[in-house]
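Down below is the structure, laid out as structure tokens.
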Amino acid sequence: MKASLLIEKYGFEKLTEASADFEIKHAFMGDLLSWVMGHAKSEDAWITILGHPNIIAVALLRELSCVVIAHGAQIQPETIEKANEEDFLILKSPLSAFEIAKILISEGV
Amino acid sequence: MIHQHFNVEKEDYANAGRISSQIKQMLKQLGVSSEVLRRIAISCYEAEINMIIHSYGGEVVLTLSAEGKCELRFSDMGPGIDDIEKAMTPGWSTAKASAREFGFGAGMGLPNIKRNCDEFDLVTSPAGTTLVIGFKVL
Chain Z
14 MKASLLIEKY GFEKLTEASA DFEIKHAFMG DLLSWVMGHA KSEDAWITIL
64 GHPNIIAVAL LRELSCVVIA HGAQIQPETI EKANEEDFLI LKSPLSAFEI
114 AKILISEGV
Chain Y
7 MIHQHFNVEK EDYANAGRIS SQIKQMLKQL GVSSEVLRRI AISCYEAEIN
57 MIIHSYGGEV VLTLSAEGKC ELRFSDMGPG IDDIEKAMTP GWSTAKASAR
107 EFGFGAGMGL PNIKRNCDEF DLVTSPAGTT LVIGFKVL
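Chain order of the listed sequences is Z and Y.
Quick note: to get the working numbering, add 13 to the position in the first sequence (first position is 1).
Quick note: to get the working numbering, add 6 to the position in the second sequence (first position is 1).
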């Protein structure tokens, strides 16, 4: 599915300026940075409740496609700033990580 | 031969991952394959984070030899690892609550490093810990 579909069809909030015009092929859910470092795959969409700037470092080092903040969790302004500097997409939704995963699966991810 | 130093400050969470990003970028420009880059990025990030969370600060030294070996040396000023065997056990962590709130402290740092590097050497004492990891990059 296109990342932009999460915004247009499901009302996810786009927090950064980066384009959402790319295909999400697979995803990873996790809130422990080392777990994500060790187990996520390149180009995964990362569903998490973490909102501090280190998520951008991890996402870039592991070459993830975007971050999706679940549960409407709080995200620090520095995180958004850093993501904008790196042209990296962050989306946010009040839905749980599980509900977000269900949407991705229903859209063929 | 390339030789480069980077300083790591104690509890500098705001810049965590910066050195790993710089090293990854540098090696990418030198044409290191994405598979090796992935392993270096994971290992370097974990070791950098370990120094930030657990040590009094220290330095990272990157050496790239003409023979195609990349060595990363992480040296800190203490306080040392009490029990290396436990520290190498996946899931075991001594990270403080403040670090855990940021999603650190999974207890996967050293296991992730060991799994991803080609050479691994860890020496520790209360005066400091030195971790040397090597990768064949060519």
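Glycine included, every Cβ here is placed at the ideal spot set by N, Cα and C.
Since the structure is predicted, the reported quantities are computational estimates derived from the model, not experimental observations.
What's the C-alpha gap between residue i and residue j?
{"i": "Y/I55", "j": "Y/W98", "result": "15 Å"}
{"i": "Z/K54", "j": "Z/M42", "result": "11 Å"}
{"i": "Z/T29", "j": "Z/F101", "result": "7 Å"}
{"i": "Z/S27", "j": "Z/G64", "result": "First, the amino acid is wrong: residue 27 of chain Z is Lys here, not Ser. If I take the Cα positions, the gap works out to 14 Å."}
{"i": "Y/Y62", "j": "Z/F35", "result": "42 Å"}
{"i": "Y/S104", "j": "Z/E94", "result": "23 Å"}
{"i": "Y/N122", "j": "Z/G24", "result": "39 Å"}
{"i": "Z/T61", "j": "Y/R106", "result": "15 Å"}
{"i": "Y/L33", "j": "Z/R75", "result": "15 Å"}
{"i": "Z/P90", "j": "Y/S40", "result": "31 Å"}
{"i": "Y/T95", "j": "Y/Q28", "result": "29 Å"}
{"i": "Y/L144", "j": "Z/L73", "result": "23 Å"}
{"i": "Z/V49", "j": "Y/G109", "result": "10 Å"}
{"i": "Z/T92", "j": "Z/A110", "result": "20 Å"}
{"i": "Y/R79", "j": "Y/G86", "result": "15 Å"}
{"i": "Y/V138", "j": "Y/V66", "result": "10 Å"}
{"i": "Y/N21", "j": "Y/A101", "result": "18 Å"}
{"i": "Z/L45", "j": "Y/Q10", "result": "30 Å"}
{"i": "Z/I88", "j": "Y/V38", "result": "34 Å"}
{"i": "Y/G111", "j": "Y/F12", "result": "23 Å"}
{"i": "Z/V71", "j": "Y/K92", "result": "25 Å"}
{"i": "Z/G51", "j": "Y/L36", "result": "24 Å"}
{"i": "Y/E77", "j": "Z/P66", "result": "28 Å"}
Can residue i and residue j be called in contact, C-beta distance under 8 Å?
{"i": "Y/K75", "j": "Y/A47", "result": "no"}
{"i": "Y/A124", "j": "Y/F141", "result": "A small correction: the amino acid at residue 124 of chain Y is Asp; Ala does not occupy that position in the sequence shown. Going by C-beta atoms, Y/D124 is nearer than 8 Å to Y/F141."}
{"i": "Y/S26", "j": "Y/C50", "result": "yes"}
{"i": "Y/G5", "j": "Z/S32", "result": "Residue 5 of chain Y lies beyond the stretch modelled for chain Y, which goes from 7 to 144, so this question has no answer here."}
{"i": "Y/I58", "j": "Y/D88", "result": "no"}
{"i": "Z/L81", "j": "Z/A96", "result": "Checking the sequence, you will find Val at residue 81 of chain Z rather than Leu. Not in contact: Z/V81 and Z/A96 (Cβ atoms no closer than 8 Å)."}
{"i": "Z/I139", "j": "Z/E21", "result": "This structure leaves residue 139 of chain Z out entirely; chain Z is present only between 14 and 122."}
{"i": "Z/L18", "j": "Z/L104", "result": "no"}
{"i": "Y/T130", "j": "Y/I90", "result": "yes"}
In the DSSP assignment, the alpha helix (DSSP H) including residue i goes from what residue to what residue?
{"i": "Y/Q5", "result": "What the structure shows of chain Y is the stretch from 7 to 144, and residue 5 of chain Y is not part of that stretch, so it cannot be assessed."}
{"i": "Z/T92", "result": "P90 to E98"}
{"i": "Z/F111", "result": "A110 to S119"}
{"i": "Z/S17", "result": "A16 to E21"}
In chain order, what residues of the same chain have a beta carbon less than 8 Å from the beta carbon of residue i, not counting five sequence neighbours either side?
{"i": "Y/M7", "result": "T69, L70, S71 and A72"}
{"i": "Y/E52", "result": "M114, G115, L116, N118 and I119"}
{"i": "Z/M2", "result": "Lying before the first or after the last residue shown, residue 2 of chain Z is absent from chain Z, which here runs from 14 to 122."}
{"i": "Y/M83", "result": "S61, Y62, G63, G64, A133 and G134"}
{"i": "Z/P107", "result": "H84 and G85"}
{"i": "Y/L43", "result": "K30, L33 and K34"}
{"i": "Z/E56", "result": "K38, H39, E76, L77 and S78"}
{"i": "Y/G23", "result": "Y51, E54 and I55"}
{"i": "Z/A114", "result": "A40, M42 and I60"}
Could you pull out every residue in the same chain whose Cβ sits closer than 6 Å to the Cβ of residue i, ignoring the five residues on either side in sequence?
{"i": "Y/E15", "result": "G63"}
{"i": "Y/R45", "result": "N122"}
Below 7 Å, is the gap between the Cβ of residue i and the nearest heavy atom of the ligand PLP?
{"i": "Y/V129", "result": "Annotation note on the ligand PLP: not contained in the displayed structure, which lists no ligands."}
Between which two residues does the beta strand (DSSP E) containing residue i stretch?
{"i": "Z/L104", "result": "L102 to K105"}
{"i": "Y/K142", "result": "G134 to K142"}
{"i": "Y/S131", "result": "E125 to S131"}
{"i": "Y/I8", "result": "I8 to V14"}
{"i": "Z/F41", "result": "A40 to M42"}
Residues in its own chain within less than 7 Å of residue i by CB, not counting five upstream and five downstream?
{"i": "Z/E112", "result": "none"}
Legend entry - Contiguous alpha helix (DSSP H) assignments of at least 4 residues, all confined to the region 67-116 of chain Y: 90-93 and 103-107
Legend entry - Ranges of the alpha helix (DSSP H) found wholly within the region 34-64 of chain Y, counting only runs of at least 4: 40-60
Legend entry - Runs of beta strand (DSSP E) wholly within the region 45-83 of chain Z (minimum 3 residues, chain order): 58-61 and 79-82
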